[in-house]
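Remarks on the structure that follows.
Numbering (the numbering used here), first residue to last: 25 to 242.
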């Protein structure tokens, strides 16, 4: 499993353009809102938590269709499934690699996007903590969605339609945590809900993804 994570990270470094595209999309999305709603600092600070979260979720979705697609097309996935590693473990390793290769760079870029939207500096720790947990949920859900749509016609179109509705609870509590921190209120209850979602996704999403991988291989 660790070897699979290292392999996927090596492939992500080789195809660094995917990660750079996700980060560029995130920053551009955050930077466009001041032009659309006006430069009023109070308005920007009010919408900043939701905008940053929506932009991060959409940016993290960009590499998902390639996460399993390339391995499925060249036969690597079949070799992984007969290697003795449980399909759920294969899916979990892919999710970890997605978090490290895509979510982590977005976490690094998040403060810059938040500054563009005039988010108070005091809310930055809550933003990073919420995104770290929420991106973990999205990586697991995205892996399950990618496995379930693997081999389907127009699977790249179906994948966002499947994953985004499931990510709405994480979006709600993640944005609420940042907004609470910006207002000087405790963000811990919202972060606890995100942690609970991550804890529930850790066993369930890889199992669902493993079933999808077995079905696609058959």
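Think of the CB as a built atom: it goes at the ideal place given N, C-alpha and C, for glycine as much as any other residue.
Asked                                                                                                                                                                                   : Found
How long is the line joining the alpha carbons of residue 238 and residue 25, rounded to whole angstroms?                                                                               : 17 angstroms
Look at residue 36 and residue 119 and say whether their C-beta atoms are less than 8 angstroms apart.                                                                                  : no
Under 7 angstroms Cβ to Cβ from residue 221, same chain only, skipping five residues before and after it: list those, please.                                                           : 161, 193 and 194
Which same chain residues, not among the five before or five after residue 112, have their C-beta less than 6 angstroms away from its C-beta?                                           : 230, 231 and 234
Which whole-angstrom value describes the C-beta separation of residue 68 and residue 141, a residue pair presumed to lie in contact below a C-beta threshold of 8 angstroms?            : 5 angstroms
State the Cα-Cα distance for the pair residue 128 and residue 156, rounded to the nearest angstrom.                                                                                     : 8 angstroms
Excluding the 5 residues preceding and the 5 following residue 158 in the sequence, name in chain order all residues of the same chain whose CB lies nearer than 6 angstroms to its CB. : 194, 198 and 218
Out of 116, 109 and 136, which one is the CA nearest neighbour of residue 72?                                                                                                           : 136
Beta carbon of residue 34, beta carbon of residue 86: below 8 angstroms?                                                                                                                : no
Under 8 angstroms between the Cβ atoms of residue 144 and residue 200?                                                                                                                  : no
Taking only the alpha-carbon atoms, compute the straight-line gap between residue 101 and residue 90 and give it to the nearest angstrom.                                               : 13 angstroms
Which same chain residues end up closer than 7 angstroms to residue 163 when comparing Cβ atoms and leaving out the 5 residues on each side of it in sequence?                          : 119, 122, 123 and 127
DSSP state of residue 42, grouped into three classes?                                                                                                                                   : helix
Our contact map puts residue 173 next to residue 182 with C-beta atoms below 8 angstroms; I'd like the distance itself, whole angstroms only.                                           : 5 angstroms
Pull up the CB-CB distance for residue 202 and residue 134, whole angstroms please, since I reckon it's below 8 angstroms.                                                              : Contact flag wrong, Cβ pair sits at about 10 angstroms.
Roughly how many whole angstroms lie between the Cα atoms of residue 223 and residue 130?                                                                                               : 22 angstroms
From this set, 99, 75 and 153, which residue's C-alpha is nearest residue 61's C-alpha?                                                                                                 : 75
Between residue 171 and residue 115, is the Cβ-Cβ spacing less than 8 angstroms?                                                                                                        : yes
When the Cα atoms are used, what is the spatial distance from residue 210 to residue 84?                                                                                                : 27 angstroms
Less than 7 angstroms separating the Cβ of residue 26 from some heavy atom of the ligand GTP?                                                                                           : Ligands are entirely absent from the displayed structure, and the ligand GTP is therefore not among its contents.
Can you tell which of 32, 52, 212 and 132 has the C-alpha that lies nearest to the C-alpha of residue 88?                                                                               : 32
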